[in-house]
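Please read the structure below before turning to the comments.
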Amino acid sequence: MESYQLNILDTLSILKKDGVVNIMYMNSDNKVKAIRYDDKEILLKDLAKYDGKYNIYLTLNQIRTELDIGDLNRPPKGRKSISDKEIEKYLFILIDLDPERKSKTSSTNDEHNAAKEMLEDIKKYLISMGLDGFITASSGNGYHILLRVDIDNNVDNIKTVKEFLKSLDSKFSNDKVKVDTSTYNPARLTRFYGTMTCKGIDTEDRPHRRSAIIDIGNPNKHSSIDDLQRIINDLGYSSKIKRQNIMNIKPVKKENNGLSLEECLINVGINISHKKIDDDQIIYVLERCPFKEHHTDKSAYVIEYNNGNIHAGCHHDSCSENNWNTLKELYGINYSGKNTDNIAEKDKTKETQEEIILGIADKLDIYRTNMDEVYVKLNINNRISHLNVGSDKFKRWITLEYYSKTKRMPSTENIGKAVNLIKAKSMLQDQVTIGKRCSVIDENIYYDLMNNKGEVVKVSKDGWTITTNSECIFDSNTSMKEQVRPIEYESLDILDKYFRYKDTNHLILQKIALVSLFIDNIQRPICVLHGEKGSAKTSTMKLIRNIVDPSSVPTTSLPRTVDDLAVTLSNQYLICFDNIDRISNDISDLLCTAVTGGGYAKRKLYTDSEQQVMYFKKGIVLNGINVVATRPDLLDRCILLELERIPSSERIGENELNKRIEEDMPKILGAIFTIISKAMNKYKSIKLKDLGRLTDFTRWGYAIAEVSGIGGDVFLKAYLNNQNDSNYEAIQSNPVGEAIIKFMESNRKWAGTSTELLKELIKVAEEENINVSSSEWPKAANSLSRRLNEIKSNLQDIGISIQIVKGKERKIIISK
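Residue numbers (this note's numbering): -5 to 810.
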């Protein structure tokens, strides 16, 4: 089954466990086709047919089973889409974060990223309130949170869902991104994740993007109607009293020279955007933050309660230390209202929420990495875990710790203070190495099995053992799964029945590359799987992932932006990008960095100058029908592995295949660890004259091949030949390289200016039907030299030398 179909089935398995699936197809003219399916094969064919041409939507909640469904798997006659009364219950509530922009257009990258920032803010808030059972997804233009619920479809519950969304809107919406408050209805449609979002014209500035599920979260955690009401109460939203125009509200006079609080704020230059009046309070939402002026998203507020208490603050974490006292001192406000930030009458002997949560943070074991990330050591379910203090998982943990002590929920502000305290204390700690799944310390390899016993495989020159006393600290993410315990085994031949490559040399390279993925500190080539339909590309990719780094999301689509790719690379040990059509130049450059090892820096959220630096040296697998890596510098870092089509008579079901792999997995792992141990003894003595682009991989590969019985020279020949194939692929996929080869077929040597050479190459291109409209073709003579430099080394490998002479008479000399 092709990877596209498997991605769609993954979406169906997450959102629709069984029953009828209602799909709506909408084209650019808003013409709609609504079809109900109970046949997945027909659904897959229709999705492939309409993807990229129509926007495709899915009814999110459970359709009543007793309904007369009527026509299935084909367009109905005169029947409309699903109505609210046809929905049994809410299974999900869609929180749609939609960037503000002109209608019927795709979002820019900046607009898309703004929605992602809001996604992170709302996630933090929901988790702090105990609502951590949700799916996150990219809708293509914005982001979605699908809150898992189990709520009956009735009038009162619909009203509560509506107020819940309006509560989030009142707190988080700004002038860049809005929380859509119209998604409350039970028959709500959502984007069919995995399909292309194609609003408006696909342009470089406003590109069409493929929607995708990012994180499935905790599938066993569901929120109740009472949980929604808690959020509504916490955010102070009420449908009884609607927002009123400021001019129609008469301020309450106080003994402050006759001025109300509102007038005091205006007098000192604090502009009020609007205010919300509730039964027991008035909330003044400010135009801009009075503490940090670059917070212009209406995140700051002042609340005046009927009992005279006043509270002030800003929702941004960087403003968590500010309050009404800070505001009064900063602006010289003289107002005699009581102050909820510092009530004198409170019980001095009782610990405050802040004191309790800081006390929890103060007792933690803290680590600081060489990238200045901060981790804490925790005992969770009788297993030692190491959590990044900036992660949602840590914030959920400290929320639960506080709740177990007080039976109350801590505020987001105080969780932020606890994180800040831990980060401050980490400055006094020595730096440590944190591994994900696999790490190398003092020439020993440690592999995290991620089981409840905290077991780790230690591989040394003396063999391998399973231990709970690891010298390495391991981090994990929510998608990483437990690995089986390996058993003693020595032969990699057990893998032969699971890999179906056209060329025996490709099987050899796959086995060597697979073993090398367990050696964390070396440069390893990207495995590029390609082959015709039915060649099990995705299944092979999943097998590699399950052997090396099992995950609940074994494959994913390739991110469109370098920021998103950098985050993906930094959070995973092995990354498998499935069903790729093309790779942009920026993405290609970052993939090169990920192979050889390097860093990527981006601005931290809500800061002007501070950077988040991510370093990675990763194992990566790509697949596509054709060779998806085309740029020469990326191909230099790849091995190209072509799979053969599996005859229908030899195909087996995915469940049966997984069962066989599960039975063999302990032996597969045992063989890999045994061979690595033996290769450790041989590696340093290996001296080679011919080395591939990745020298460490070449030497380790030689050692692995020697001790596994493949033979070092056999591996080396296979690898260097594959590099030649990659080199040929790089030239053939580059229109300038292709034209140079054709041009030099009738020339032994040529010299001239870049203008003269470009004219000659254009003639060749016209004769050979070479695509000069490609972005890789130089549009002018002054860019030709740069294009030649990109493929200069590749041409050199096939005997064509290019020399660019600089000076007054700039010349290009080509010879063979």
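By construction, the Cβ of each residue, glycine as well, lies at the ideal position given by its N, Cα and C atoms.
C-alpha of I734 to C-alpha of L755: approximately 7 angstroms in a straight line. Taking 7 angstroms as the cut-off, the Cβ atoms of L628 and S582 count as close. Partner residues in the beta bridge of P93, as assigned by DSSP, are V171. Looking at the DSSP output, I467 bridges to I428. In the structure shown, T130 adopts extended strand secondary structure according to DSSP, grouped into three states. Burial state of R631 is buried, judged by a 10 Å Cβ sphere holding 16 or more other Cβ atoms. S809 has its alpha-carbon roughly 8 angstroms from the corresponding atom of N741. No Cβ-Cβ contact shorter than 7 angstroms links F737 with S510. Judged by their CB atoms, Y492 and A665 are not nearer to each other than the 7 angstroms cut-off. Straight-line spacing of the CA atoms in P69 and A28 works out to 7 angstroms. Taking the C-beta atoms as reference points, L552 is found no nearer than 7 angstroms to G613. DSSP links K269 through a beta bridge to Y278. Taking 7 angstroms as the cut-off, the beta carbon of M674 is found no closer than this to the beta carbon of N617. Note on geometry: alpha-carbon atoms of D557 and L637 lie some 32 angstroms from one another. The beta carbon of E94 is closer than 8 angstroms to those of E105, D169, K170, V171, K172 in its chain, skipping five residues each way along the sequence. Looking at the backbone, the Cα of W694 and that of D707 are separated by about 13 angstroms. Per DSSP, the beta-bridge partners of W458 are V453. For R362, the enclosing beta strand (DSSP E) begins and ends at 359 to 363. The distance from the Cβ of I577 to that of V622 is about 6 angstroms, consistent with a contact at the 8 angstroms cut-off. Taken through DSSP and simplified to helix, strand or coil, R539 comes out as helix. Taking the Cα of M20 as reference, the smallest distance to any Cα among F571, T184, S433 is reached at T184. Secondary structure of Q56 (DSSP, three-state): strand.
Counting the other Cβ atoms within 10 Å of the Cβ of E476 gives fewer than 16, which makes it exposed. In the structure shown, the three-state DSSP call for I662 is helix. As the crow flies, the alpha-carbon of K43 is around 41 angstroms from that of L663.
Listed in chain order, the non-local C-beta contacts of F166 below 7 angstroms within the same chain comprise M112, D115, I116, V173, local neighbours out to five positions each way being set aside.
Going by DSSP, C586 is part of the alpha helix (DSSP H) stretching over 579 to 590. In terms of Cα proximity to A418, the closest of I374, R362, S464, K399 is R362. Residue environment analysis places T549 among the buried positions, since at least 16 neighbouring C-beta atoms fall within 10 angstroms of its C-beta. Measuring C-alpha to C-alpha distances from D456 to each of I646, I670, N265, S7 identifies I670 as the nearest. The C-beta separation of A775 from S748 comes to about 4 angstroms, placing the pair in contact by the 8 angstroms criterion. In this structure the stretch 424 to 444 touches the stretch 452 to 468; the number of beta carbon pairs closer than 8 angstroms is three or more. Residue pairing for M190: DSSP places it in a beta bridge opposite R204. In the DSSP assignment, I633 falls outside any alpha helix (DSSP H) and within the unbroken beta strand (DSSP E) covering 632 to 636. A distance below 7 angstroms separates the beta carbons of T590 and Q517.
For the options E298, I195, Y722, Y178, the alpha carbon positioned closest to that of E256 is the one of E298.
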